[in-house]
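In the working numbering, the protein residues as written are 2 to 272.
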């Protein structure tokens, strides 16, 4: 098993254990058996099939287009390589995520992530199977790995997943820090740089009129800076009381995982 995968699993398990001890992991408020089915199947297929396939697809296409370019960027400065990954992977995922809340057919691929009525590391990889397979950032990451960024990508993806896992967990690591007056300037910078439980929970809020929920923004994954830069940021340092999607019909586990192969409700418009 690759070292980066072991690190990501360790981070995930660490937050899962923290949830199990304090808020519960297997018995979330509002969770159903259908939620568990979507999360287990969606996560397994992503890690075993779709993510490796998308990365391999990017590598394969890069080899077809430029067989002489393999490893061409390996000698670039590490900071430059990281900047390339932030632009081609993280920023592109921001736009993919943002588009998924605008284009109806993309929203059907992404809606499973919001159907959960709770925040938890359980929902980190909860999406339609085709959502990740079609994600441009994964294919571009494959291209960059082909060009020589493999080792830098391995470290980058560990940091990125640590931030994403922490932002989805209901163990709010930012909450106690907000209460320390002298840390306020530091947290001002942190919450405008990376995703935090407060900013990301706002994106998962259920009721648009609660003063916290920002369903049409806070799209950032690793960097929240993209929301600041592109005008979709909302920072309140508070958390929505309810999580989920508002005024949408129920849908099945099969539709969540396999749309368009399995029909979804027709009025599942982007939120």
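Idealized CB from N, CA, C, for every residue including glycine.
{"Asked": "Limits of the alpha helix (DSSP H) - the one that residue 151 falls within", "Found": "151-169"}
{"Asked": "Among 197, 246, 179 and 156, the one whose alpha carbon lies nearest that of residue 9", "Found": "156"}
{"Asked": "Supposed close pair residue 59, residue 142 - CB separation, criterion 8 Å", "Found": "6 Å"}
{"Asked": "Cβ-based neighbour list, residue 178, same chain, cut-off 6 Å, excluding 5 preceding and 5 following", "Found": "184 and 188"}
{"Asked": "Pair within 8 Å by beta-carbon distance, residue 148 and residue 63", "Found": "yes"}
{"Asked": "Host alpha helix (DSSP H) of residue 127 (start-end)", "Found": "Run containing residue 127: none; DSSP gives neither H nor E here."}
{"Asked": "Cβ separation of residue 202 and residue 241, assumed to be a contact under 8 Å, to the nearest whole Å", "Found": "6 Å"}
{"Asked": "For residue 178, the residue or residues it bridges with in DSSP", "Found": "According to DSSP, which records beta bridges pairwise, residue 178 is partnered with nothing at all."}
{"Asked": "Integer Cβ distance of residue 129 from residue 110, believed to fall under 8 Å", "Found": "4 Å"}
{"Asked": "Exposed unless 16 or more other CB atoms sit within 10 angstroms - verdict on residue 88", "Found": "exposed"}
{"Asked": "Between the CA atoms of residue 32 and residue 123 - distance to the nearest angstrom", "Found": "11 Å"}
{"Asked": "Residue 195, DSSP secondary structure in three states", "Found": "strand"}
{"Asked": "Closer than 7 Å: residue 109 CB and nearest the ligand GDP heavy atom", "Found": "The ligand GDP is not part of this structure, which contains no ligands at all."}
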